[in-house]
Structure formats: C-alpha cells, structure tokens
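**Q** After the structure tokens below, expect a handful of questions from me.
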Amino acid sequence: MVNDLPSLRRRSSDGDGDRKALVLFADGYGQLAKNLCLALAQMSIDICMVSDLDELSSSEKPEHLDASLVVVGSDVLQSQVAIRAINSYLSKIREMRGIRPPVVLATEASLSFEQRLCATQLGSVRIFRSDDDPRMIRDMLTTITAEAKLAGSKVLLIDDSPTDAYRATTYMRAAGLLVEHVYAPEDTLDAIRNFGPDLIVMDYHMPVVNGDTLAALIRQDPEMTMPIIFLSSETDSEKQLLALSHGADGFVLKPLQEGAFIKAITSMINRAKAIDRRMRRDPLTQLLNHGQTVESVKRVIAEKRGGALAIIDIDHFKSVNDTYGHPVGDRVLIKMADVLTASLRDTDTVGRMGGEEFAVLLPDTTTEAARVVLERIRKCFMVIKHEVEGSGFSCTFSCGIADLSSGLNEAFRQADEALYLAKHSGRNQVIIAEPSV
Numbered sequence: 008m009v010n011d012l013p014s015l016r017r018r019s020s021d022g023d024g025d026r027k028a029l030v031l032f033a034d035g036y037g038q039l040a041k042n043l044c045l046a047l048a049q050m051s052i053d054i055c056m057v058s059d060l061d062e063l064s065s066s067e068k069p070e071h072l073d074a075s076l077v078v079v080g081s082d083v084l085q086s087q088v089a090i091r092a093i094n095s096y097l098s099k100i101r102e103m104r105g106i107r108p109p110v111v112l113a114t115e116a117s118l119s120f121e122q123r124l125c126a127t128q129l130g131s132v133r134i135f136r137s138d139d140d141p142r143m144i145r146d147m148l149t150t151i152t153a154e155a156k157l158a159g160s161k162v163l164l165i166d167d168s169p170t171d172a173y174r175a176t177t178y179m180r181a182a183g184l185l186v187e188h189v190y191a192p193e194d195t196l197d198a199i200r201n202f203g204p205d206l207i208v209m210d211y212h213m214p215v216v217n218g219d220t221l222a223a224l225i226r227q228d229p230e231m232t233m234p235i236i237f238l239s240s241e242t243d244s245e246k247q248l249l250a251l252s253h254g255a256d257g258f259v260l261k262p263l264q265e266g267a268f269i270k271a272i273t274s275m276i277n278r279a280k281a282i283d284r285r286m287r288r289d290p291l292t293q294l295l296n297h298g299q300t301v302e303s304v305k306r307v308i309a310e311k312r313g314g315a316l317a318i319i320d321i322d323h324f325k326s327v328n329d330t331y332g333h334p335v336g337d338r339v340l341i342k343m344a345d346v347l348t349a350s351l352r353d354t355d356t357v358g359r360m361g362g363e364e365f366a367v368l369l370p371d372t373t374t375e376a377a378r379v380v381l382e383r384i385r386k387c388f389m390v391i392k393h394e395v396e397g398s399g400f401s402c403t404f405s406c407g408i409a410d411l412s413s414g415l416n417e418a419f420r421q422a423d424e425a426l427y428l429a430k431h432s433g434r435n436q437v438i439i440a441e442p443s444v
C-alpha cells in the first residue's frame, strides 16, 4: 500500500457499508503516475500497487478485484503486452461486477494523435498531466463510487396497464432498483412525498390525465426535480419533443427492451445525482454545504434516531491565510475534510459550514462516544505537516459536541457554546456541551 498519512481507521458502519474506492496502480510506467497515487493516498484513498501485470488476469485477491480505477503512466503505450494484460484484467472485472473501471493515464508530455489512438485500446481513459490537480481524480472516484450505487435507487412507476407495469417492474427490480407502482395518476403526489423517488417512469397515454399533463403538474412544485421518463409507443419525433417540453427528461419506446430500458434509467439517475452533488456540495472540499448539512441534522432528528452533533473550528486559521496565503489555507481545509471523511462511518455526515468551520453528524451515537471519535481525529490532524516551500507547519482544531435530543436549534446552540468554551480555554480540545436544565 502507498500511504504516508498518519494511521486512520474507518469506523465500521452498522451495515455492510458501501464499496470503498480503491485505485489499482500499475508501477513501472512513469514517475508521474506514482506521484499521483502518493497524492491520492494522502487523501485517504486506498492504493494497491502491482508490478507484474501478468498476475492480474488470474488473481483472486480482493484488493485486485475491488478496484474502481486504474492508474498507469503513459509509458505503457509502448508495450502492447502491457496493454493486453490491463485489458484482460479490466474485462475480468466487467464480467464479475458488470462495470469496467476507467483508466487514468498519467503523462508528462502532450500525447500525439497516434498515442491517443493507442490509448483507446484501454477503454475509458482520462489523461492526467503534470500540472493537473490530483483532486480531479479524487472527484472522479467520488463520481464512480456514486454511480456504482444504482442498486437501491428508487423509481416511481405510474402506469395504468398491469401487463406493461409488470414488465417494467420486473426489469427494474432485476437491476436492483426499488420500485413503487401506482395505477392512478391522482395518487402520484402522495407517492412522491411518501416514497421519495430518484426517478419517475410514467406511461404517456393514460385515461383522465395524460403523461405530459401529469409531468407539468409535478413540475409545479419546485422541490420535485427528479427526472421523468415517458413510456410510449409513439414514434413521431415531433410529438415526442412536444411531450418532453412539458417537463419530462426522456422517452422510451414500448414494447420495452430490457437492455435499452435499464441503460436509459441508469443514465438518467446518474446524471441527476451528479447535478445534485454539484448543488449540494461545497466546491472546495466536496463536503456537504451548509444548507444540506442542516437538512441532514433535521432528518435524523425527525426520524427520532438520536445522535450527536459536533462543530469543529480550525485554530488560528486566519494566521495561516495571512502568513502563507489563501491557496495554502485552502489546502489545510481540504486536508481537514479528507481526515474527517476517512475517519468516520458511512452513516455519519460531514459538512462545511463556512470558512474554517465544519460540522459532523453522528446518528445513533452518544456524546461521549462522539467525543472519543473526535479526540482521535484531533490527534491525527494535529500531527499532519502542511508543506510550504521546503518547510512545514501544523494546525489544530477545537470542537464542541451536543446531543440531538434537544432539537435542531438547541443542538446547534449548545455545540457552538461548547466550541466557544474550547476556544477560550486553551484551544486544541474537544468539549461536550452541558445539557440544558
């Protein structure tokens, strides 16, 4: 494993958790690829390095079979043997998991047309240059991981035909989708509110209310932004375009063909989730933004799950910006985000509240258990050296923790008060708020 971060261990979640992003690094084809993987390792991304490509096609090692991405230097283009070995490995992954991992090709120099043509043999390729930011690849991994989570996505099917609905439902459930079916258009709004679909699939020709009218009705609510796909035997392209102008996003012809139908759904869900991520995420750290973090806390409180809320503030952060400049300060913020993300469960939520302030939501967790977790993170963060022109510096953070049982506003108020106390009693510490009397 390539890793030079302090030891951080992800806490196991209550369930099996999501597939963890893993990068397979093919060593020996350029220094830039190795440098990229070192940078990714510093972002707490697991790296598996292999020197012998021939062993990959027959390997049964989990670290080989779980890769989400392959990184290799552009020198690999000089070896058809190496290209065939990588192709064989990627084909094996596709047979096992139904997904062929993309390849990041790291290159110091511009590639010629012939070299790019050669690179197409590797399938989906992303070129990484020496002046590119490794965070681009981290974000690429985030997207890949999110797209792999199609299973469990929710689809609301609106179709008055039992036969057509049965076929569509069978195809979607076989793909791992959760499907809610309503026959009557008038039940649509209640189903959306109760089921919370990621996508709506509806018959275009229905009695009482046609699909285009129902789509326009759904779009009256600004919160109902999920994509809509029409199912219809209509082949007139002008009529299809007119139907789409009422608020739908796609058109699939009947009778349904399983492969084309599932591809259309997959593409639509992934595109919607990518847009949603851009709207919900802080662009610098890729954590949830302020509004989405608050919404996450609201949901946990509404579900009466209980838990803890932690507010974190990096100590003396203004002096970091004043001394080293804002680009260095941004790197510190990114490192803080990476450490938090790597140290918490998949069921926990991390958000950037603004500036150097972060929030951590830990459902089903006591304040004392949360303190233990945040203390461990604090100790890890304080020993990280932030490099600047041959020298380095360290940062610390202060943290306040509150119980969620007091409600949204009170939990934030108590956590802020505990943070204030931590700041004014020496900094670099974690304090639990005293419960209100």
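Numbering of the sequence shown is given in our numbering, commencing with residue 8 and proceeding in unit increments. All C-beta atoms, glycine included, are put in the ideal place defined by N, C-alpha and C. Predicted model only: the values in this text are computed from it and were never measured.
Taking A223 as part of the alpha helix (DSSP H), name the residues at either end of that continuous run.
**A** Against the sequence shown, residue 223 aligns to sequence position 216. Start and end: 218-225.
**Q** Please give me, in chain order, every unbroken run of the alpha helix (DSSP H) with length at least 4 that falls completely inside the region 22-95.
**A** List check, alpha helix (DSSP H) in window: 38-49, 69-72.
**Q** Starting from G314 and walking both ways along the beta strand (DSSP E), at which residues does that stretch end?
**A** Mapped onto the sequence shown, residue 314 falls at position 307. Start and end: 314-321.
**Q** Note down, in chain order, each residue of its chain lying with its Cβ closer than 6 Å to the Cβ of T300, except the 5 sequence neighbours on either side.
**A** Residue 300 sits at position 293 when you count from the first residue of the sequence shown. These residues qualify, in order along the chain: G358, A366.
**Q** With distances taken Cα to Cα, identify the nearest neighbour of T152 among D353, K246, G203, L112.
**A** Taking the sequence shown and counting its residues from 1, the one referred to as residue 152 is at position 145. The shortest C-alpha separation from T152 is found at D353.
**Q** Let me make sure I understand the geometry here. Which of L97, S119, I134 has the alpha-carbon closest to that of L112?
**A** Reading the sequence shown from its first residue, position 105 is the one you call residue 112. It is I134.
**Q** Out of curiosity, what's the CA-to-CA distance linking D219 and L163?
**A** In the sequence shown, the residue the question calls residue 219 occupies position 212. In the sequence shown, the residue the question calls residue 163 occupies position 156. Their backbone Cα atoms lie some 16 Å apart in a straight line.
**Q** Using a Cβ distance threshold of 8 Å, determine whether the region 54-65 contacts the region 79-94, with at least three qualifying pairs required.
**A** Enough Cβ pairs lie closer than 8 Å, so yes.
**Q** Measuring alpha carbon to alpha carbon, tell me which of D210, N296, T195 ends up nearest S168.
**A** Numbered from 1 along the sequence shown, position 161 holds the residue referred to as residue 168. Residue D210 is the option with its Cα nearest to S168.
**Q** For L112, does the three-state DSSP call read helix, strand or coil?
**A** If you number the sequence shown from 1, residue 112 lands on position 105. Strand at L112.
**Q** Comparing alpha-carbon positions, which option in E302, S81, R285, N328 lies nearest S117?
**A** Here residue 117 refers to the residue found at position 110 of the sequence shown. Among E302, S81, R285, N328, the Cα nearest to that of S117 is on S81.
**Q** Under the three-state reduction of DSSP, which class applies to R136: helix, strand or coil?
**A** Against the sequence shown, residue 136 aligns to sequence position 129. Note: R136 maps to strand in three-state DSSP.
**Q** Just tell me which of E245, P214, S274 has its CA closest to the CA of I235.
**A** Translated into positions along the sequence shown, residue 235 becomes position 228. Measuring from the Cα of I235, the nearest candidate turns out to be S274.
**Q** For the beta strand (DSSP E) containing R359, list its first residue and its last residue.
**A** Looking up residue 359 in the sequence shown gives position 352. Segment 356-361, the beta strand (DSSP E) holding R359.
**Q** Taking A309 as part of the beta strand (DSSP E), name the residues at either end of that continuous run.
**A** Sequence index remark: in the sequence shown, residue 309 carries index 302 (1-based). Run containing A309: none in the beta strand (DSSP E); it sits in the alpha helix (DSSP H), 297-309.
**Q** Flag Y96 as yes if its beta-carbon sits less than 8 Å from any beta-carbon of chain B, otherwise no.
**A** Structure shown: chain B not included; a single protein chain is present.
**Q** Using the three-state DSSP reduction, which class does P370 fall into: helix, strand or coil?
**A** Within the sequence shown, residue 370 is the residue found at index 363, counting from 1. P370 falls in the strand class under three-state DSSP.
**Q** Between Q85 and the ligand ATP, is the CB less than 7 Å from at least one heavy atom?
**A** Absent from the structure shown: the ligand ATP. Ligands present: none.
**Q** Once the 5 residues before and after Y101 are set aside, which same chain residues still bring their CB inside 7 Å of it?
**A** Position 94 of the sequence shown, counting from 1, holds the residue named residue 101. First, the residue type needs correcting, since residue 101 is Arg and not Tyr in the sequence shown. Contacts found: R107.
**Q** Using a 10 Å radius around the Cβ and a threshold of 16 neighbouring Cβ atoms, would you call S75 buried or exposed?
**A** Along the sequence shown, read from residue 1 onward, the residue named residue 75 stands at position 68. With 16 or more Cβ atoms within 10 Å of its Cβ, S75 is classed as buried.
**Q** What residue range does the beta strand (DSSP E) around I235 cover?
**A** Within the sequence shown, numbered from 1, the residue matching residue 235 stands at position 228. Taken as a continuous stretch (DSSP letters only), the beta strand (DSSP E) holding I235 covers 235-239.
**Q** What residue from L221, A191, L184 has the CA that sits closest to P204's CA?
**A** Taking the first residue of the sequence shown as position 1, residue 204 is located at position 197. Per the Cα distances, L184.
**Q** Would you report the Cα separation of A170 and S239, rounded to the nearest angstrom?
**A** Position 163 of the sequence shown holds residue 170. Position 232 of the sequence shown holds residue 239. The sequence given here places Thr at residue 170; Ala does not occur at that position. Straight-line Cα distance between these residues: approximately 14 Å.
**Q** Residues in its own chain within less than 7 Å of A271 by CB, not counting five upstream and five downstream?
**A** Residue numbering aside, residue 271 sits at position 264 when the sequence shown is read from its first letter. Same-chain partners within the cutoff: I236, G257, V259.
**Q** Sorted by chain position, which residues of the same chain lie with C-beta nearer than 6 Å to G254's C-beta, five sequence neighbours on each side aside?
**A** Residue 254 sits at position 247 when you count from the first residue of the sequence shown. Only A222, A223, R226 meet the Cβ criterion.
**Q** Keeping to the same chain, check which residues put their C-beta closer than 6 Å to that of Y331; ignore five residues upstream and five downstream.
**A** Within the sequence shown, the letter at position 324 stands for residue 331. Correct list, in chain order: V395.
**Q** In terms of alpha-carbon separation, which member of Y173, A182, M389, L84 lies closest to P262?
**A** Looking up residue 262 in the sequence shown gives position 255. That would be Y173, whose Cα lies nearest to the Cα of P262.
**Q** Is the beta carbon of E424 closer than 8 Å to that of S443?
**A** Here residue 443 is taken as the residue at index 436 of the sequence shown, counted from 1. Here residue 424 is taken as the residue at index 417 of the sequence shown, counted from 1. Their beta carbons are not under 8 Å apart, which means S443 does not touch E424 by this criterion.
**Q** Do the region 319-331 and the region 276-290 make contact, defined as three or more Cβ pairs closer than 8 Å?
**A** No, they do not touch.
**Q** Could you tell me which uninterrupted beta strand (DSSP E) segments, each at least 3 residues in length, are contained entirely in the region 140-201, listed from first to last along the chain?
**A** Taking only runs of at least 3 residues, the beta strand (DSSP E) segments lying wholly in the region 140-201 are 161-165, 185-189.
**Q** Give the secondary structure of I438 by DSSP, where H, G and I count as helix, E and B as strand, and everything else as coil.
**A** As a first step, residue 438 is located in the sequence shown; it is residue number 431 there, counting from the start. I438: strand per DSSP, three-state reduction.
**Q** Assign M8 to one of three DSSP states: helix, strand, or coil.
**A** Here residue 8 is taken as the residue at index 1 of the sequence shown, counted from 1. With a pLDDT of only 39 at M8, under 50, the local geometry of the prediction cannot be trusted, and the value read off the model is given with reservation. Here M8 sits in coil by DSSP.
**Q** Just to confirm, is the Cβ distance from A377 to A315 under 8 Å?
**A** As a first step, residue 377 must be located in the sequence shown, where it is residue number 370. As a first step, residue 315 must be located in the sequence shown, where it is residue number 308. Cβ distance < 8 Å, so A377 and A315 count as in contact.
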